[in-house]
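The numbering of the first sequence is this note's numbering, which starts it at 1 and goes up by one. C-beta atoms are modelled at their ideal positions from N, C-alpha and C, and glycine is treated no differently. Note that the structure is predicted; figures quoted are calculated from it, not measured. Step one of this worksheet: look at the structure below.
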Amino acid sequence: MSNGGTVCRPLPRQYYDRDTVTVAKELLGCLLVHHSPEGTTAGKIVETEAYLQGDPACHAARRMTPRNSVMFGPPGYAYVYFTYGMHYCFNAVTNSEGVGEAVLIRALEPTEGIALMQRRRGRKNMRELCSGPAKLTQAMGIGIEHNRLDLTGARLYICQGEAGAPIVTATRIGIKEGTDLPLRFYLQDCRYVSRK
DNA sequence: ATGCAGATTGCA
DNA sequence: GCAATCTGCATG
1 MSNGGTVCRP LPRQYYDRDT VTVAKELLGC LLVHHSPEGT TAGKIVETEA YLQGDPACHA
61 ARRMTPRNSV MFGPPGYAYV YFTYGMHYCF NAVTNSEGVG EAVLIRALEP TEGIALMQRR
121 RGRKNMRELC SGPAKLTQAM GIGIEHNRLD LTGARLYICQ GEAGAPIVTA TRIGIKEGTD
181 LPLRFYLQDC RYVSRK
């Protein structure tokens, strides 16, 4: 698969083994790819949020539990959680093993498998396919079965995209604590961001 | 054992 | 504005 000449190979583990805010910013413009039994879907990451150790909004802020344990493991793995009784959200585990941090992928610009995304979402409008953390998991066919999946593998991964586009830094959405922290990042002037 | 709030979404 | 719908976690 090619993407305008961009090589599409999974980002290596050491990419994720860095400061989580840095990874959250650099993931903007990268491509999230899922080769599923139903077909391949992919989209450009246009919005992310960082969740840090010592951050009250982070699922790993307290002790380790079965749900959040993958966040404490080695970087470069998927953390998929189920919420509100009906939605899944996708994160990439970052920073060193033992540090409970991750980047939430909040929005994508659909680039491949759009018909499949439309079918999964029950929506036609391009802007309603991946403009939200639970929308994109539905469109991409990502569920709890992908929790703990190795993102350096061939099935579900992120590959390098074009960097250098202007980034907006803002506060995170949908949380009660830590709302003052500037840990949300999105591509400026992008129509596929969940909310400005 | 029981209760509650949640990194959301879609419809009234 | 609010229901949908399940799980982790705190409390008794």
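Below 7 angstroms CB to CB, which residues in the same chain sit around residue i once its five sequence neighbours on both sides are set aside?
i           : result
residue 48  : 24, 27, 28, 103, 104, 105, 106 and 185
residue 116 : 38, 39 and 41
residue 71  : 59, 60, 79, 93, 100, 101 and 102
residue 98  : 72
Between which residues of its own chain and residue i is the CB-CB distance below 8 angstroms, once the five residues before and five after are set aside?
i           : result
residue 176 : 57
If we ignore side chains and look at the alpha-carbon of each, how far apart do residue i and residue j end up?
i           : j           : result
residue 155 : residue 33  : 8 angstroms
residue 95  : residue 13  : 10 angstroms
residue 164 : residue 20  : 18 angstroms
residue 153 : residue 125 : 31 angstroms
residue 138 : residue 189 : 24 angstroms
residue 169 : residue 196 : 11 angstroms
Let me know if residue i comes out buried or exposed under the rule of 16 or more other beta-carbons within 10 Å of its beta-carbon.
i           : result
residue 15  : buried
residue 144 : exposed
residue 166 : exposed
residue 43  : buried
residue 69  : exposed
residue 122 : exposed
Just confirm the distance between the C-beta atoms of residue i and residue j, as a whole number of angstroms; I'd bet it's less than 8 angstroms.
i           : j           : result
residue 80  : residue 35  : With 8 angstroms as the limit, residue 80 and residue 35 do not qualify as a contact, their Cβ atoms being about 16 angstroms apart.
residue 171 : residue 181 : 7 angstroms
residue 141 : residue 120 : 6 angstroms
residue 157 : residue 66  : Their Cβ separation, rounded to whole angstroms, is 25 angstroms, which puts residue 157 and residue 66 out of contact at 8 angstroms.
residue 17  : residue 75  : 5 angstroms
residue 136 : residue 108 : 5 angstroms
Give me the DSSP bridge partner(s) of residue i.
i           : result
residue 124 : DSSP output for residue 124 lists no bridge partner at all.
residue 110 : 43
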